[in-house]
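Asker:
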Amino acid sequence: MNTAATPPATMHASTHNRQIRLARRPVGMPVRDDWSFTTEAVVEPADGGLLVKTRALSLDPAMRGWMNEGKSYIAPVAIGEVMRAGGIGEVIASRNPRFAAGDLVTGALGVQEYASFTEAEAKKAGLAKIDTRLGSVTQWLNVLGMPGMTGYFGLMEVGQAKAGDTVVVSGAAGAVGQTVGQLARIKGCRVVGIAGGPAKCEWVVKELGFDACIDYKAGNVKAALREHCPKGVDVYFDNVGGDILDDVLTRIGRGARIVICGAISQYNNTTAVQGPKNYMSLLVNRARMEGMVVFDYADRYPQAIAELAGYLRDGRMKSKEDVVLGIENFPKALLKLFSGENFGKLVLEVA
Ligand SMILES: NC(=O)c1ccc[n+]([C@@H]2O[C@H](COP(=O)([O-])OP(=O)(O)OC[C@H]3O[C@@H](n4cnc5c(N)ncnc54)[C@H](OP(=O)(O)O)[C@@H]3O)[C@@H](O)[C@H]2O)c1
329 MNTAATPPAT
339 MHASTHNRQI
349 RLARRPVGMP
359 VRDDWSFTTE
369 AVVEPADGGL
379 LVKTRALSLD
389 PAMRGWMNEG
399 KSYIAPVAIG
409 EVMRAGGIGE
419 VIASRNPRFA
429 AGDLVTGALG
439 VQEYASFTEA
449 EAKKAGLAKI
459 DTRLGSVTQW
469 LNVLGMPGMT
479 GYFGLMEVGQ
489 AKAGDTVVVS
499 GAAGAVGQTV
509 GQLARIKGCR
519 VVGIAGGPAK
529 CEWVVKELGF
539 DACIDYKAGN
549 VKAALREHCP
559 KGVDVYFDNV
569 GGDILDDVLT
579 RIGRGARIVI
589 CGAISQYNNT
599 TAVQGPKNYM
609 SLLVNRARME
619 GMVVFDYADR
629 YPQAIAELAG
639 YLRDGRMKSK
649 EDVVLGIENF
659 PKALLKLFSG
669 ENFGKLVLEV
679 A
């Protein structure tokens with residue numbers, strides 16, 4: 329174990345850290361002027377600290393919420409602060425006994441090329457080593473990372489999915505959706521995805537083994553739900569909110585569980601969030617709708633990672649990541665989540 333200051337092979341006095349900071353709070357869809365680009369010198373870590381070179385960052389719909397003022401499950405990113413982002417990086421200098429140069433770590437690195445931590449900051453950022461024998465760097469941001477954990481605990485704990493259930497998942501070809509649908513199949517459920525466009529629908533059915541997929545951009549979601557969920561919906565894993573949530577509410581069965589994971593259709597609204605009109609269906613069907621935040625399950629991630637890594641290894645689960653290159657492309661790349669241009673988990677490769 330390396331406890332001494334390690335002269336990093338890839339760092340020297342003139343190494344600079346390019347960063348992207350939140351310049352102002354966006355109104356509606358974020359634009360280029362909402363960001364500022366800065367460069368700082370990289371400094372050697374102090375006693376107990378470490379320096380990480382970013383390899384890849386997770387681009388998440390939640391980032392849009394973190395840019396807003398107001399109370400949420402986590403504090404907003406402050407104006408002028410480096411944009412918050414989870415990622416994977418390589419330790420290039422360590423004076424912390426838990427990490428050695430060369431380790432690959434996951435945690436809150438921020439949108440920057442280098443992340444330097446004191447001992448306390450490393451804990452707060454949730455820095456942990458990853459084992460690339462279980463999955464690639466990008467898979468550690470997808471099925472084995474935060475989206476996979478969301479899918480796992482959302483489906484199994486909040487959704488209480490069990491064999492024989494009909495599970496519907498929106499955002500089906502996205503990061504969370506691909507884990508939810510495949511895991512539900514593995515657990516013996518009938519799985520119906522909802523996604524935008526024929527390519528995504530074909531992929532989740534042909535490649536991931538979903539029983540059906542509804543292209544919500546092509547036509548009548550309600551009618552398609554009637555066709556594909558003849559016995560009603562037992563679990564709806566909601567990633568999008570809005571009209572699709574309302575449509576699914578008309579098809580739920582008795583005792584159904586609706587997992588409120590996200591509502592991406594509402595994140596860039598400049599008017600009030602659209603609430604469900606058909607919520608009386610919960611009463612009629614003795615059903616429930618429950619919100620979840622993945623971080624509440626952090627102490628159980630190792631169990632979920634071990635199970636999901638097993639499915640990746642034995643081929644029962646596949647993963648798809650959509651990789652954009654270059655930190656300077658962050659502002660544009662983030663928008664792919666809201667236009668639906670990302671196909672699979674959106675990752676920004678930094679180096
Ligand atoms: N609660 C938690 O702890 C937690 C944790 C992680 C993620 N989440 C939430 O889970 C959801 C999925 O996140 P992700 O990382 O897996 O993203 P993702 O599904 O990989 O990407 C976002 C996708 O949302 C779809 N979308 C965008 N605008 C839409 C609209 N107006 N109506 C319907 N679909 C729309 C697009 O797919 P199409 O092309 O199919 O439209 C897009 O590709 C988000 O709502 C996110 O906030 C919650």
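Be aware that the sequence shown starts at 329, since it is given in the working numbering, and climbs by one per residue.
The beta-carbon is built from N, C-alpha and C at its ideal position, and this holds for glycine as well.
Predicted, not measured: the structure shown is a model, and the values here were computed from it.
(1) Give the DSSP bridge partners of residue 619, in chain order.
(2) Kindly indicate which three-state DSSP category residue 323 falls into: helix, strand or coil?
(3) With burial defined as no fewer than 16 other Cβ atoms inside 10 Å of the residue's Cβ, what is the status of residue 556: buried or exposed?
(4) Quick one: any contact between the segment 377-395 and the segment 405-420, if contact means 3 or more CB pairs under 8 Å?
(5) Closer than 7 Å to a non-hydrogen atom of ligand 1 - does that hold for the CB of residue 592?
(6) How about the segment 613-624 and the segment 515-526: do they share at least three Cβ pairs that are nearer than 8 Å?
(7) If I measure Cβ to Cβ from residue 347 and keep anything under 8 Å in the same chain, skipping five residues before and after, which residues do I get?
(8) Ignoring anything shorter than 3 residues, give me the beta strand (DSSP E) runs that lie fully in the segment 627-660, in order along the chain.
(9) Does the beta carbon of residue 567 fall short of 7 Å from some heavy atom of ligand 1?
(10) What distance in whole Å lies between the Cβ atoms of residue 666 and residue 564, which are believed to be in contact at a cut-off of 8 Å?
(11) Give a single yes or no on whether residue 524 has its beta carbon closer than 7 Å to a heavy atom of ligand 1.
(12) Give, in chain order, every unbroken run of the alpha helix (DSSP H) that is at least 4 residues long and sits entirely within the segment 499-530.
(13) How about residue 562: is its C-beta nearer than 8 Å to some C-beta of chain B?
(14) Give the C-beta separation of residue 605 and residue 581 to the nearest angstrom, bearing in mind that I take them to be a contact with Cβ-Cβ under 8 Å.
(15) Does ligand 1 have even one heavy atom less than 7 Å from the beta-carbon of residue 390?
(16) Would you decide whether residue 400 is buried or exposed? Buried here means 16 or more other CB atoms lie within 10 Å of its CB.
(17) Comparing C-alpha positions only, which one of 562, 379 and 496 sits nearest to residue 542?
(18) I'd like the list of long-range same chain contacts for residue 538, defined as Cβ closer than 6 Å, with 5 residues on each side in sequence excluded.
(19) For ligand 1, is there a heavy atom less than 7 Å away from the beta-carbon of residue 572?
(20) Just verifying my parser: in three-state terms, what is the DSSP assignment at residue 434?
(21) Report yes if the C-beta of residue 419 is less than 7 Å from at least one heavy atom of ligand 1; otherwise report no.
(22) Rounding to the nearest angstrom, what Cα-Cα distance links residue 547 and residue 585 in this structure?
(23) Exposed or buried, which one is residue 407 when buried takes at least 16 other CB atoms within 10 Å?
(24) Any heavy atom of ligand 1 inside 7 Å of the beta-carbon of residue 750?
(25) Hey, how far is the Cα of residue 389 from the Cα of residue 646?
(26) What is the DSSP secondary structure of residue 549, reduced to helix, strand or coil?
(27) Please name the residue in 570, 435 and 492 whose C-alpha comes closest to that of residue 468.
(28) Cutting at 7 Å between CB atoms, please list the residues of its own chain near residue 477, excluding the five before and the five after it.
(29) For ligand 1, any of its heavy atoms closer than 7 Å to the Cβ of residue 668?
Answerer: In this structure, then:
(1) 588
(2) Nothing can be reported for residue 323, as the shown portion of the chain is limited to 329 through 679.
(3) By the 10 Å Cβ count, residue 556 comes out buried.
(4) yes
(5) yes
(6) Judged by Cβ distances under 8 Å, the segment 613-624 makes no contact with the segment 515-526, as fewer than three pairs qualify.
(7) Here the set comprises 365, 366, 367, 368, 410, 438, 439, 440 and 441.
(8) 649-653
(9) Yes, Cβ of residue 567 sits closer than 7 Å to a heavy atom of ligand 1.
(10) 22 Å between Cβ atoms; not a contact.
(11) yes
(12) 503-514
(13) The chain inventory of the structure shown lacks chain B, comprising one protein chain alone.
(14) Contact annotation, residue 605 with residue 581: C-beta distance approximately 19 Å; criterion of less than 8 Å not satisfied.
(15) yes
(16) exposed
(17) 496
(18) 509, 519, 521 and 532
(19) yes
(20) Strand at residue 434.
(21) no
(22) 25 Å
(23) exposed
(24) Only positions 329 to 679 of the chain appear in this structure, which leaves residue 750 out of reach.
(25) 22 Å
(26) In the three-state DSSP reduction, residue 549 falls in the helix class (H, G or I).
(27) 435
(28) 622, 625, 629 and 632
(29) Here the distance from the Cβ of residue 668 to the nearest heavy atom of ligand 1 is below 7 Å.
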